[in-house]
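Chemist: Protein chains in written order, with my numbering: chain A, 1443 to 1772; chain B, 1443 to 1772; chain C, -4 to 339; chain D, -4 to 339. Positions of the beta carbon are idealized from the N, C-alpha and C atoms, including for glycine. None of the values given here were measured: they were computed from a predicted structure.
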Amino acid sequence: MTRTLRFREALREAMVEEMDRDDRVFLMGEEVGHYQGAYKVSEGLLDRFGAKRVIDTPIAETGFAGVGIGAAMVGLRPIVEFMTWNFSAVAFDQILNNAAKLRQMSGGQLECPIVFRGPNASARQVGSQHSHAMEHFYAHVPGLKVIAPAFPADAKGLLKAAVRDDNPVLVMESETLYGVKGEVPDGEHLVAIGSARVARPGTDVTLAAYSRMTYVALEAAEALAKEGISAEVIDLRSLRPLDEATLLVSVTRTHRLVVVHEGWPYGGVGAEIADRVQRMAFDALDAPILRVGTLDVPMPYSAALEQACIPQPDRVADTVRRMLARGSGR
Amino acid sequence: MTRTLRFREALREAMVEEMDRDDRVFLMGEEVGHYQGAYKVSEGLLDRFGAKRVIDTPIAETGFAGVGIGAAMVGLRPIVEFMTWNFSAVAFDQILNNAAKLRQMSGGQLECPIVFRGPNASARQVGSQHSHAMEHFYAHVPGLKVIAPAFPADAKGLLKAAVRDDNPVLVMESETLYGVKGEVPDGEHLVAIGSARVARPGTDVTLAAYSRMTYVALEAAEALAKEGISAEVIDLRSLRPLDEATLLVSVTRTHRLVVVHEGWPYGGVGAEIADRVQRMAFDALDAPILRVGTLDVPMPYSAALEQACIPQPDRVADTVRRMLARGSGR
Amino acid sequence: MPDDSVASPSSPEPTKPTPVAATPHPELDHLAHLYRKMALIRRVEEESARAYAEGKVGGFLHLYIGQEAVGVGAIAALRPDDYVITTYRDHGIALAKGMSARSLLAELFGKVTGCSKGLGGSMHMFDKEHHMLGGYGIVGGHIPLAAGVAFASKYRDDGRVTVCFFGEGAVGIGGFHEGVGLAALWKLPIVFVCENNEYAMGTPLSRSMSLEDVSLKALGYGMDRDRFFADDVLEVERRVAEAVKRAREQSTPTLVEVRTYRFRGHSMSDPAKYRTQAELEEHKRRDPLARARTALAGFGEARLAEIDGEVEAEVADALRFAADSEEPTLEVLERTTYKGDFAY
Amino acid sequence: MPDDSVASPSSPEPTKPTPVAATPHPELDHLAHLYRKMALIRRVEEESARAYAEGKVGGFLHLYIGQEAVGVGAIAALRPDDYVITTYRDHGIALAKGMSARSLLAELFGKVTGCSKGLGGSMHMFDKEHHMLGGYGIVGGHIPLAAGVAFASKYRDDGRVTVCFFGEGAVGIGGFHEGVGLAALWKLPIVFVCENNEYAMGTPLSRSMSLEDVSLKALGYGMDRDRFFADDVLEVERRVAEAVKRAREQSTPTLVEVRTYRFRGHSMSDPAKYRTQAELEEHKRRDPLARARTALAGFGEARLAEIDGEVEAEVADALRFAADSEEPTLEVLERTTYKGDFAY
Ligand SMILES: Cc1ncc(C[n+]2csc(CCOP(=O)(O)OP(=O)(O)O)c2C)c(N)n1
Ligand SMILES: Cc1ncc(C[n+]2csc(CCOP(=O)(O)OP(=O)(O)O)c2C)c(N)n1
Ligand SMILES: [Mg+2]
Ligand SMILES: [Mg+2]
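(1) Taking Cβ positions, are GLY1471(A) and PHE1506(A) nearer each other than 8 angstroms?
(2) I want to verify the contact list: residues of chain C whose CB lies under 7 angstroms from the CB of LYS212(D), in sequence order.
(3) Tell me whether VAL166(D) is buried or exposed, calling it buried when 16 or more other Cβ atoms sit within 10 Å of its Cβ.
(4) List the residues of chain B whose Cβ lies closer than 7 angstroms to the Cβ of ALA1708(A), in chain order.
(5) What residue ranges within the segment 1563 to 1600 of chain A form continuous alpha helix (DSSP H) runs of no fewer than 4 residues, ordered along the chain?
(6) Assuming GLY217(D) and SER205(C) are in contact, meaning their beta carbons sit under 8 angstroms apart, how far apart are those beta carbons, in whole angstroms?
(7) Buried or exposed for THR13(D), going by 16 or more other Cβ atoms inside 10 Å?
(8) Is the CB of TYR1385(A) under 8 angstroms away from at least one CB in chain C?
(9) Listing by chain order, which chain A residues have their CB less than 7 angstroms from the CB of GLY1585(B)?
(10) Are the segment 250 to 264 of chain C and the segment 182 to 199 of chain C touching by the rule of at least three beta carbon pairs closer than 8 angstroms?
(11) Say the cut is 7 angstroms; is the CB of VAL1532(A) nearer than that to a heavy atom of ligand 1?
(12) Counting only beta-carbon separations shorter than 8 angstroms, does GLY1569(B) have a partner in chain D?
(13) Would you say the beta carbon of ASN192(C) is closer than 7 angstroms to some non-hydrogen atom of ligand 3?
(14) Is GLU163(D) near ligand 2, going by C-beta to nearest heavy atom under 7 angstroms?
(15) Check whether chain D comes within 8 angstroms of LEU416(C), counting only Cβ atoms and requiring the distance to be less than that.
(16) Whole-angstrom Cβ separation of GLY1636(B) and THR331(C), contact assumed at under 8 angstroms?
(17) Using beta carbons (cut-off 8 angstroms, strictly below), is GLU1455(A) in contact with chain C?
(18) Residues of chain B with CB under 9 angstroms from ILE133(D), in chain order?
(19) Please compile the residues from chain A whose C-beta is within a distance smaller than 9 angstroms of the C-beta of CYS189(D).
(20) Would ALA141(C) pass as an interface residue toward chain B - the criterion being a Cβ-Cβ separation below 8 angstroms?
(21) Using DSSP with H/G/I as helix, E/B as strand and the rest coil, what is ILE60(D)?
(22) Got a sec: is the Cβ-Cβ distance from ILE1501(B) to anything in chain G below 8 angstroms?
(23) Report all residues from its chain with a CB closer than 7 angstroms to the CB of ARG1768(B); omit the five preceding and five following residues, and keep chain order.
(24) Any heavy atom of ligand 2 closer than 7 angstroms to the beta-carbon of HIS278(D)?
(25) Determine, for ASN1562(A), whether the minimum Cβ-Cβ distance to residues of chain B falls below 8 angstroms.
(26) Taking all protein chains shown into account, decide if ASP303(C) is buried (16 or more other Cβ within 10 angstroms of its Cβ) or exposed.
(27) Locate the beta strand (DSSP E) running through ALA1651(B), then write down its first and last residues.
(28) By a C-beta neighbour count over all protein chains shown, 10 Å radius and 16 as the cutoff for buried, is PHE187(D) buried or exposed?
(29) Ignoring anything shorter than 3 residues, give me the beta strand (DSSP E) runs that lie fully in the segment 1456 to 1483 of chain A, in order along the chain.
(30) Determine the closest residue to SER1422(A) out of TRP1527(A), ASP1596(A) and VAL1509(A), with distance taken between C-alpha atoms.
(31) Can you tell me which of the three DSSP states ASN191(D) falls into?
(32) Could you check if LYS1598(A) is buried or exposed, using at least 16 other CB atoms within 10 Å of its CB as the buried criterion?
(33) Name the residues in the segment 1538 to 1558 of chain A whose C-beta lies less than 7 angstroms from a C-beta of chain D; which are they?
(34) Does the count of Cβ pairs from the segment 106 to 121 of chain C and the segment 1483 to 1503 of chain B closer than 8 angstroms reach three?
(35) In the DSSP assignment, the beta strand (DSSP E) including ARG1559(B) goes from what residue to what residue?
(36) Kindly list, in the order they appear in chain C, the residues whose Cβ is closer than 7 angstroms to that of MET204(D).
So this is what it looks like as structure tokens:
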């Protein structure tokens, strides 16, 4: 049996279930309590769990990210919400130098079972300082895990798995997905971190995406289908670890790969996927791997320009057409 | 005519010449003045230019990086030294959200002519918190330029060009290179940002490297030459912008590319190069592009383990041999 | 809305007012001048809210309604060439520093005629000509920049003062500590104006700070401090002027806590459930704009109506201008990202 | 070196001392106990320096010589299950909290028998069993962690107190402000001990802070504070104990500034040209270790010699142990990076 839930409700259920199950789990962040969450993800949690376990913080990301890490290293299991991932930039050192390093610096004595979560990448016209796709910075760092679900069921299952993970897990959500509905299995629902999912089977080209871009890839696949082009869409779900097997199996069949992601082109998750696949499936590729990402500029406020910067189904479909016409990107 | 200078002396000359030329240029950072620089790069500058233009700061990277950016946006041309780039992690937001965004957020009204410089990547046994290759985070960001010279002449010429650039330029130096000697042209010596250099010509494989890894690549090429394998070594010098032309010309001749860099494998500069070259020279490649980077773990203190983590000439040479034996990395 | 009725007569007439003889009252003239600025801000904000509701403005919109006396009073204490920098709640500050309503509303409408070519939006109002160095979106992130601007003035000895505005919610973050700390250490010509409007989104100061007196933070830096309410714009000007004088003449920084209140939610999406209607009404009774208008009784109703009319005309014109302007095109992006060649 | 001669007799005998009868002097016994810890730290540091010179230790090495009374005195005020966390200058703190000289020196030698398996080195001494939560390399970065540890104690109501050590150079950075600010806001059971040794590398406090009294920072957080010299280890214990009592009984934080001095350079590469020989000598005359030994006159020279002998034996044994231990192997890296499967 399943129920239809919004993305934010699925995340909330995951937190409620894990907090019910384990009283070492608590939620901390700006406006998560009395305000019921800047994006209402934590609505009702303060009433349900009280101020001891649902903690409103001042605007001090370095401070409360560090508090979470410190609490985790002595055995609590914090969920730290960044109002948006953009603001994690002021806490970057805490995540890079403490969360990711504690276990190894201590020779394995200490653990850091913490979850950092919040909306990531573009919202709508919030400008250059509020539109970062931060996963490209964090997926680079050993010691961290990074997940980016697209559907409510995965949001719930992956967040629950993240809370139970003994390593720091960063959950990349999307303000533009919080209202999206989807079927969520009843009862205990866990999704293993590190497994991608074929969201739409196809034979001519593989589209790899995650978070909101999975919907963009699916739309492009729909459009291409009308032209008789069969695109397989892989929803990565997890960025670090990356599910190489699922990618390789698909590319070995389709011989073509287009990676769709928000965020700038230089480096990052998209480049990593291109690098791995050309390395591991070199002979299987009939065309160079292409990427559809955010244009290489700070995000503009103008609605028209913002939409032009963010990957759209058309841009994805055009890229596939170019590729099938043996476009090598030159 | 040239003179033999150490890397740190070449950097110092660049700063002295630019500060003599333009009194809007000043140097700011921890221990740059009275202490003569943590690594003696700024030795003598306080005596020469006085405390007004050679400014010792407290330990407050967010503060003094921001002060530099603020001063730059009203017309000064700061050189901000990070004692090491690791410490820029606490100033990450200033670089990402202010330095890189100012021009665009203001619709082009403001400029940010600032240089951030300091030693980057591994030193010797300084452990996981002090061994980051930070270029992989910064090269991702539009609005920034990132350079990483390997030789004293380039260190001088590129730093001078960076000081004259009207955009934020990040200079990645290396503690392990400061004592290295090299020939530096007399008189005004500028090197354009964005141009790579063929450090050693070759025909069988291209090795792309930068900063200290250029020496590692050259050593590997030397070893391979003894086996009759001719490796061309490209010293990238500049990471953003990246000199695609020089890379493509080389790979089109050698049909093989190995990227050598410090820093973790996931994403970053190495993945970006692999992505671009497979896209732009797909048909020219006889083998998948391979990368030799730092192992995917926090840097250990143990001398033996640290050396095992950092790319060594042997590892580079082995990778080339594997590739020539048509190793596809599988 | 009742709180604005004074400043915004339901009918925008007279658009063409009959000239009225001037009184020999310099103080009143000055107050009238400040009143006009506050009224302009109030009306621009009301129209921004309306335009937002109509979908003409996107993203976040943080209104300055209720806080007008802070920006107008503080900036009245400055020279035109002094610098100002603030947060995303920047419309009032930008207008007070001299930005035109046209350029501000065009920016909100995402038009290329906007101050930032439509690339910045509500949170990023920049006006280099008027030394308005922008609105910034990362809480506390602009405070070190402000110290840097003041550093440059000291370096060049140009006699300018920098005023840095921020909310009381910024006082707990590292950027505040480091920016203020360096300004105190290096004796920079700057005034830090904390606009304490009692809330950071839905968080009252009592839940974000161990002390409720923000100005006490100055003790930890051995810095001068001041603390007062912003009911009277002239009082704000007087008090800030003292700090500006210290900055200009002795090159020492001051932390000024100005107690104010925002009549609207944090942003358009905030219903402000965290405060009572009674609390809001009480503050609206202290509306600095209404207070200024009352204080201007002796100035003459006719001339006040004239000012209100001018403001209405200016806002109407700016709205037309914004609506009729062109949107920016893609080619603007690369050259606003880098000066010179693009770097990729 | 003259400053250490008292604590380190040129000859390591007697390795097997003849037992001596105990005096009925609890205070003296306690001081002797603290003296022993300080002497052990002093000797371990001297040997670390020697080993570094011989190339057996790599990376950065920050010695605690001169500051022993701070760590030993402060930790003497704690229960064994209380938490301690500090900076890269962590050898003395680790030993004071109960880490063995074996595990510390083996870590310095980069051996797998070291507290952190040879992966952390000098700056990262961790000992979970003794609740020594580590040494950290990013200035100020561990202060929020310390607040988090204290937060956990309050969350679990486990009655433990956390002591967070840091240098005076950390007071200007954001991590200090945010960590201390949250501890004050949430009334966490923690004591912040600022080891003011007058220099941050080559920078004297006068060039890094607008105020020279670090403890005044507490005023900005409405927090209790204290400030004193570390010449007498018993005084350090007494004063820190007051703060620990407040933390344990009322769950309130305190900022304690302990004034001390490092006899060596910042790290092995620092010739310390920024201070005069005279200044150094003056401080060495106030050596807390020598002072404690003098105060122990009534304890009996024989028993003191016995203690010194034990210390020598312990250090000699630890050096042997470190030298003879194995180096870590590559396979240790993956499992210390992630618990469970590696994530790439
Ligand atoms: C570093 C950071 N964290 C969180 C946010 C989200 N945020 C935007 S405004 C705001 C509240 C700020 O309140 P205050 O400083 O009092 O200014 P006010 O809005 O009242 O003018 C928050 C939490 C942000 N912009 N930056
Ligand atoms: C954020 C950061 N910036 C710079 C450094 C380099 N650094 C290491 S120790 C040190 C001086 C610290 O002095 P203090 O806090 O007084 O501690 P002490 O060394 O005197 O014990 C500096 C600048 C660092 N480790 N972290
Ligand atoms: Mg506020
Ligand atoms: Mg110190």
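Modeler: Inspection of the coordinates gives the following:
(1) It is a contact, given that the beta carbons lie within the stated cut-off.
(2) Chain C residues near LYS212(D): GLY215.
(3) With 16 or more Cβ atoms within 10 Å of its Cβ, VAL166(D) is classed as buried.
(4) A small fix is needed here, since residue 1708(A) is Tyr in this sequence, not Ala. Under the 7 angstroms cutoff, chain B gives ALA1581, HIS1582, ARG1682 and GLU1714.
(5) Whole alpha helix (DSSP H) segments, 4+ residues: 1577 to 1580.
(6) Sure, about 5 angstroms apart at Cβ, within 8 angstroms.
(7) Reliability of the predicted coordinates at THR13(D) is poor, the pLDDT of 47 falling under 50, and the value obtained from them is presented with this limitation in mind. Classification of THR13(D): exposed, given that the 10 Å Cβ count is below 16.
(8) Nothing about residue 1385(A) can be reported from this structure: the residues present for chain A run from 1443 to 1772 only.
(9) Within 7 angstroms Cβ-Cβ: PRO1740.
(10) With a cut-off of 8 angstroms, the segment 182 to 199 of chain C and the segment 250 to 264 of chain C count as touching, because enough Cβ pairs lie within range.
(11) Flag set: Cβ of VAL1532(A) near ligand 1.
(12) It does: the Cβ of GLY1569(B) has a partner Cβ on chain D nearer than 8 angstroms.
(13) At least one heavy atom of ligand 3 is nearer than 7 angstroms to the Cβ of ASN192(C), so yes.
(14) Indeed, a heavy atom of ligand 2 lies less than 7 angstroms from the Cβ.
(15) No statement about residue 416(C) is possible, as the shown extent of chain C runs from -4 to 339 and does not include it.
(16) In this structure GLY1636(B) is not in contact with THR331(C), their Cβ atoms being roughly 19 angstroms apart against a cut-off of 8 angstroms.
(17) Taking a beta-carbon distance threshold of 8 angstroms, GLU1455(A) does not count as an interface residue toward chain C.
(18) In chain order, ASN1528, PHE1529, ALA1531, VAL1532, GLN1571 and HIS1572 make up the part of chain B whose C-beta sits under 9 angstroms from the C-beta of ILE133(D).
(19) Ordered by position in chain A, no residue passes the 9 angstroms Cβ test against CYS189(D), which lies about 18 angstroms from the chain.
(20) For ALA141(C), at least one C-beta of chain B is nearer than 8 angstroms to its own C-beta.
(21) The answer is coil: DSSP assigns ILE60(D) none of H, G, I, E or B.
(22) Given the protein chain composition of this structure (A, B, C and D), no chain G is represented.
(23) So the list reads ALA1729, once near-sequence residues are dropped.
(24) Checking the Cβ of HIS278(D) against ligand 2 gives no.
(25) Judged by the 8 angstroms Cβ criterion, ASN1562(A) is not in contact with chain B.
(26) ASP303(C) should be labelled buried.
(27) According to the DSSP assignment, ALA1651(B) belongs to the beta strand (DSSP E) that extends over 1647 to 1651.
(28) Under this definition PHE187(D) is a buried residue.
(29) For the beta strand (DSSP E) assignment, the uninterrupted runs of no fewer than 3 residues enclosed by the segment 1456 to 1483 of chain A are, from N- to C-terminal side, 1467 to 1471.
(30) Nothing in the structure corresponds to residue 1422(A), since chain A is present only between 1443 and 1772.
(31) If DSSP states are grouped into helix, strand and coil, ASN191(D) belongs with the strands.
(32) So LYS1598(A) counts as buried.
(33) Within the segment 1538 to 1558 of chain A, the qualifying residues are ASN1539, ASN1540, ARG1545, GLN1546, MET1547, SER1548, GLY1549, GLY1550, GLN1551, LEU1552 and GLU1553.
(34) Result no; under three Cβ-Cβ pairs closer than 8 angstroms.
(35) 1557 to 1561 is the span of the beta strand (DSSP E), which, as asked, contains ARG1559(B).
(36) Within chain C, the residues whose beta carbon sits less than 7 angstroms from that of MET204(D) are LEU180, listed in sequence order.
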